[in-house]
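These notes concern the structure reproduced below.
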Amino acid sequence: MLTFEEYQQRVIASVRARPAQQRPTADVTPLLGLVTAAPVHSAVALPGFTNSAMDGYAVLAADVQRASEDAPVQLPVAGDIPAGDTRSLQLSPGSCWRIMTGAPLPDGADAVVQVELTDGGTEQVQIRRAVPAGTAVRHRGEDVRPGDEVLAAGTLLQPQHVPVLLSAGAAEISVIPRPRIAVVSTGDELVSAGEPVGHGQVVDSNGPMLGALARECGFEVTAVRRAGDTAEAVRAALTELADGADLIVTSGGVSAGAFEPMKLAFADSDHFEFVKVAMQPGKPQGLGTVAGTPVFALPGNPVSSLVSFLMFVAPAARVLAGRDPEVPTVEAAVAERWTSPPGRQQFARVVFDEDGRMVRPIGGQGSHVLGGLAGSQALAVVPAATTEVEVGETLRVIPLPPREVLRSSAPMLRADARSAGTARHE
Ligand code: AMP
Ligand code: MG
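In the numbering used here, the protein residues as written are 9 to 434.
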């Protein structure tokens with residue numbers, strides 16, 4: 009039996025980041041959630057031209073240095089400079105231009121007097137306050153100079169990176185593409201959702217659930233298939249899917265029964281191992297490759313599949329995506345006692361109490377209990393040595409749904425607030 013940590017390390021070590029690709033920045037939406045494989049340098053200065061930070065009047069500061077409320081300085085207005093004005097304009101000393109935020113400063117001007125400090129005139133303007141040179145002026149290149157690194161390699165691209173990325177003039181960037189994941193459910197008892205369910209049959213819920221988890225985590229799902237309980241059926245399905253996938257996830261067929269197709273197909277392969285992991289749920293696991301593509305064989309019980317996805321597939325897929333494998337957790341105190349099997353790390357389905365700082369178990373902890381799974385808000389991680397989880401004890405907890413947890417590198421705000429014991433932000 010392997011410890012949970014040993015097997016998780018083994019799984020993570022079995023994959024490496026996908027090769028980088030050059031992608032056009034003009035189509036930026038598909039880049040969000042990807043990691044940059046190289047630093048991005050700016051081709052241009054930002055701002056690209058010296059411009060006004062305010063709606064007001066472009067002036068020579070020296071012309072208004074005596075202006076005050078009691079003795080405003082009057083200047084003729086040469087005209088308007090709206091944002092987007094592409095003319096090259098000149099300021100004659102002793103005059104001004106009415107200028108809008110973001111519009112190019114005329115040559116010769118060295119300050120902008122905001123409109124609120126004037127009478128707002130269009131022919132002549134009364135300026136009621138002196139301003140030092142440089143006031144309300146954004147200088148060309150003060151933000152970014154040509155050649156500056158604007159995004160480091162390894163940046164997880166998010167909306168806040170879009171402005172500098174698009175403004176920096178890089179037509180293409182190098183990114184690690186999204187991991188492509190294929191999902192295969194094994195089991196002769198399975199029927200697809202929507203089909204009649206006969207005696208002895210069950211709806212294939214793992215396939216759609218694993219596909220949904222993968223998508224929620226930002227991975228690409230290339231297929232969600234079913235395969236019957238023969239070695240030939242699973243071998244054929246996996247071989248066909250291996251080509252277009254970076255990772256194949258199967259469910260079922262790895263435990264101790266007489267008709268475990270994953271074991272029948274691959275137990276003798278040099279490229280596969282089937283192990284027992286000291287965890288609950290999720291004890292039987294398989295790990296290998298088919299045609300060079302990594303295959304993670306998860307146990308078939310839906311709760312086991314979910315836990316295995318979060319603890320093994322998601323960290324490995326994050327590595328494929330060029331990210332750290334860490335599954336962030338938060339801390340919570342136990343509000344109601346429960347038991348955990350000796351020698352196995354338990355992932356208990358729990359709900360948070362009102363203020364979100366304490367957890368209590370929900371439903372039966374059997375790995376087939378679907379109602380309890382749906383009602384759970386988090387998985388509480390019970391160390392292998394613990395058999396009685398006592399009230400008041402602090403546990404690491406993985407909140408569900410996993411999107412916030414697995415997509416970002418940092419814990420969710422609300423989860424953060426929880427562990428820090430601060431007020432809730434809701
Ligand atoms: P197995 O690991 O194949 O022995 O399956 C364990 C249990 O999970 C059995 O009760 C299966 O019927 C159930 N199971 C396996 N695969 C699925 C699936 N794709 N959807 C729903 N239940 C499943
Ligand atoms: Mg089965």
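Where is the CB? At the ideal position from N, CA and C, for every residue including glycine. Only a predicted model underlies this, so the values are computations on that prediction, with no experimental measurement involved.
Comparing alpha-carbon positions, the option among V405, A239, G379, P80 lying closest to V139 turns out to be P80. Considering only C104, A201, F267, the residue with the shortest C-alpha distance to V210 is A201. The C-alpha of L295 is placed about 12 Å away from the C-alpha of S316. Per DSSP, the unbroken alpha helix (DSSP H) holding R326 starts and ends at 322-328.
Non-local C-beta neighbours of H147 in its own chain, meaning closer than 6 Å and more than five positions away in sequence, comprise T58, ordered along the chain. The C-beta distance from G351 to A273 rounds to 30 Å, too long to fall under 8 Å, and the pair is not in contact.
With a contact defined as Cβ atoms closer than 8 Å, L164 and R18 miss out at about 25 Å. Bridge partners of N59 according to DSSP: P112, R146.
Around the beta carbon of Q288, a 10 Å sphere encloses 16 or more other beta carbons of the protein chains shown; the residue is thus reported as buried.
Distance from the C-beta of S175 to the nearest heavy atom of the ligand AMP is not below 7 Å.
With respect to the C-alpha of R365, the residue from V232, G400, A25, L198 having the closest C-alpha is G400.
If only uninterrupted beta strand (DSSP E) runs of at least 3 residues are considered, those enclosed by the stretch 147-207 are 157-159, 180-184, 188-194. If you draw a straight line from the Cα of P84 to the Cα of T130, it is about 8 Å long. With respect to S60, V145 sits close: the two C-beta atoms are nearer than 8 Å. Residue nearest to R74 within the set D88, G102, A91 is G102 (criterion: CA-CA distance). In terms of Cα proximity to E362, the closest of S348, A340, A356 is A340. Within the same chain, Cβ atoms closer than 7 Å to the Cβ of G56 are found at R148, the five residues on either side in sequence being excluded. P171 is the residue among P171, W105, F12 whose C-alpha sits nearest the C-alpha of V48. Bounds of the alpha helix (DSSP H) holding T247 are 239-250.
Excluding the 5 residues flanking it on each side, E334 has no same chain C-beta neighbour closer than 6 Å. In this structure, the ligand MG has no non-hydrogen atom nearer than 7 Å to the beta-carbon of D212.
The secondary-structure analysis by DSSP pairs L221 with nothing; it has no beta-bridge partner. Apart from the 5 residues on each side of it in sequence, M270 sits with its Cβ closer than 8 Å to the Cβ of T194, V242, T258, G260, G261, V262, F282, G294, A305 in its chain, given in chain order. Around the CB of A141, fewer than 16 other CB atoms lie within 10 Å, so the residue is classed as exposed. Q16 sits buried, since 16 or more C-beta atoms from the chains shown fall within 10 Å of its C-beta. In chain order, S103, W105 place their CB closer than 6 Å to the CB of A86, counting only its own chain and leaving out the 5 sequence neighbours on each side.
Put simply, the backbone Cα of P310 is about 29 Å away from that of R26. Counting of Cβ neighbours within 10 angstroms places M62 among the buried residues, the total reaching 16 or more. In chain order, G371 place their CB closer than 8 Å to the CB of G379, counting only its own chain and leaving out the 5 sequence neighbours on each side. Proximity to R24 across V367, V358, G300 peaks at G300, based on C-alpha coordinates. Straight-line measurement puts the Cα of R188 at about 30 Å from the Cα of G177. Rounded to the nearest angstrom, the Cβ distance from V397 to V342 is 5 Å, consistent with a contact under 8 Å. Sequence-distant Cβ neighbours of P38 in its own chain, meaning closer than 8 Å and more than five residues away, are R31. Per DSSP, the continuous beta strand (DSSP E) segment holding G87 begins and ends at 81-89.
If you check the C-beta of V262 against the ligand AMP, you find a heavy atom less than 7 Å away. Under DSSP, P292 takes part in a beta bridge, and its partners are K284.
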